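**Q** Before we start, here is the structure in question, set down as structure tokens.
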Amino acid sequence: MAIDIHWIRDNDSLGQFCAQWQQLPFVALDTEFMRVDTFYPIAGLLQIGDGERAYLIDPLTIDNWKPLAALLENPAVLKVLHACSEDLEVLLRLTGSLPAPLFDTQLAAAYLNLGFSMGYSRLVQEVLGIELPKGETRSDWLQRPLSETQISYAAEDAVHLAEVFVQLRPKLSDEKYAWVLEDGAELVANLRREVDPYEVYREAKLAWKLSRAQLAVLRELCAWREREARARDLPRNRVIREHSLWPLARTQPDNLGALAKIEDMHPRTVRQDGEFLLELIKRAASVSPEQWPPAVAEPLPIEATALVKRLRALGQAEAERLGIAPELMLRKKTLEALIKSGFPEGPYQLPDSLRGWRRELMGQALLDSLATAGEQP
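Heads up: the sequence shown begins at 1305 in my numbering, then just goes up one per residue.
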């Protein structure tokens, strides 16, 4: 089918079309971007579908994003995206705003039990019966002019995304529709809560094996790496490789030769930042014990596996009753945090990551299940 494509290449046109879109009940929104050697994604193209036409917005020729930011924030216009975590980063970087309310068609498909984490092509095939050509996802979206293939791929995305929404929306009960929006709002909130560099060390591999004194060094290394990645706009591993962090904190080298021998240490890092890192390690190693971070909890022991399975089965049974994809119900990390809060004797506490409708629906049942688990022979 021939798609009606409209290009938007200047500030005035964007402002005019955004004013029109403000009157619509929803817009479908997609982005194409590059992110190879940078920390932040670089927008190559934005696509908007209104259900009839595809609008292609060229971010390389526009610098006033206020009208689009206003559209993203307009509570009366639903923003429809698919598997949108990276799109959200692009929009935040470009416009300073995030879409609300947000309807993610990947989430909607899971709430309708069509499948969990469904790719866009599969969803279009499933819902519209249309087979999309193999994607242009690996192509260069910053080149100009874009190829005809790129243009038709991008335009089809915007048009079909709107069509998928029109098909899925009536199938969702009011309750499930509210849950899709709630999960969308959570995606947005998570992105707004910018990571505190001083908390990053908690997620570092094997952090639990370090003493509190060594954790003080790891905390500084991870915080420095996070800040530098943003400031230099480089992937974190280009600042210092992930696998070097733990041995650095454990062995705390005090000269460039020892630093160069650290596992997975890139010679470029030693050249560029070696002296600074040695000073940072020395400074972090000398802080007083009251400034050491608390120990990082060990992973759950093997004995707790049965409890994780027990709670997961509870979530799956509830998901079955509701007719939603079981993976939607309880994330493994959430279950592990719950069990860690009181293993092995209890009492257990619901983690902050279990919130919203999941907490209301499952919170007490999970606590009850853990309370009775200890009584099993």
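Built from N, CA and C at the ideal position, the CB exists for glycine as well. These figures come from a predicted structure and were not determined experimentally.
Which value, in whole angstroms, describes the spacing of the CA atoms of Ala-1557 and Gly-1650?
**A** This sequence places Pro at residue 1557; Ala is not what is there. The straight-line gap from Cα to Cα measures roughly 41 Å.
**Q** Quick one: give me the first and last residue of the alpha helix (DSSP H) that His-1464 is part of.
**A** Run containing His-1464: 1452-1472, per the alpha helix (DSSP H) assignment.
**Q** According to DSSP, simplified to helix, strand and coil, what is Met-1569?
**A** Coil.
**Q** Measuring only the C-alpha atoms, how far is Pro-1681 from Pro-1539?
**A** Residue placement at Pro-1681 is flagged as unreliable, the pLDDT there being 41, under the threshold of 50; a coordinate-derived value is accordingly withheld.
**Q** Give the secondary structure of Val-1331 by DSSP, where H, G and I count as helix, E and B as strand, and everything else as coil.
**A** Correct three-state label for Val-1331: strand.
**Q** At the level of alpha carbons, what is the spacing between Ile-1366 and Asp-1314?
**A** Roughly 5 Å separates the two Cα atoms.
**Q** Taking its Cβ as the centre, do 16 or more other Cβ atoms sit within 10 Å of Lys-1341, making it buried, or is it exposed?
**A** The sequence shown places Asp at residue 1341, rather than the Lys named in the question. Classification for Asp-1341: exposed.
**Q** Starting from the C-beta of Phe-1647, find all residues in its chain whose C-beta is less than 6 Å away, skip the five residues before and the five after it, and write them out in chain order.
**A** Closer than 6 Å at Cβ, skipping near neighbours: Ala-1608.
**Q** CB Val-1384 to CB Phe-1321, shorter than 8 Å?
**A** The answer is no: Cβ separation not under 8 Å.
**Q** In three-state DSSP terms, what is Met-1666?
**A** Helix, per DSSP.
**Q** With distances taken from CA atoms, which of Leu-1349, Gln-1327, Tyr-1344 and Gly-1319 is nearest Leu-1333?
**A** Selected option, being the one with the closest Cα: Leu-1349.
**Q** Can you name the start and end residues of the beta strand (DSSP E) that Val-1384 belongs to?
**A** Start and end: 1382-1385.
**Q** In three-state terms, what does DSSP make of Pro-1681?
**A** Low confidence applies here, because Pro-1681 scores a pLDDT of 41, under 50, leaving its location unreliable and the question unanswered by this model.
**Q** Who pairs with Ala-1347 in a beta bridge, going by DSSP?
**A** In DSSP, Ala-1347 forms a bridge with Phe-1337.
**Q** Would Cys-1526 pass as a contact of Leu-1549 if the rule is Cβ separation under 8 Å?
**A** Yes, the Cβ-Cβ distance between Cys-1526 and Leu-1549 is below 8 Å.
**Q** On a Cα-Cα basis, can you pick out the residue from Pro-1405, Gly-1627 and Thr-1335 that is closest to Tyr-1359?
**A** It is Thr-1335.
**Q** Buried or exposed: Lys-1509, going by 16 or more other Cβ atoms within 10 Å of its Cβ?
**A** It counts as exposed.
**Q** Per DSSP, which residues does Phe-1407 bridge with? Please list them.
**A** DSSP output for Phe-1407 lists Val-1384 as bridge partner(s).
**Q** Tell me whether the beta-carbon of Lys-1475 lies closer than 8 Å to the beta-carbon of Leu-1416.
**A** For Lys-1475 and Leu-1416, yes; Cβs fall inside 8 Å.
**Q** Would you list the one or two residues that DSSP bridges to Ala-1254?
**A** Because the chain spans 1305 through 1681 in this model, residue 1254 falls outside it and cannot be assessed.
**Q** Would you report the Cα separation of Leu-1658 and Gly-1561, rounded to the nearest angstrom?
**A** About 47 Å.
**Q** From the DSSP output, in three-state form, read off Glu-1602 for me.
**A** The answer is coil: DSSP assigns Glu-1602 none of H, G, I, E or B.
**Q** Whose CA, out of Asp-1391, Leu-1372 and Gln-1326, lies closest to the CA of Ala-1380?
**A** Closest by alpha carbon: Gln-1326.
**Q** Does DSSP classify Ala-1623 as helix, strand or coil?
**A** Here Ala-1623 sits in helix by DSSP.
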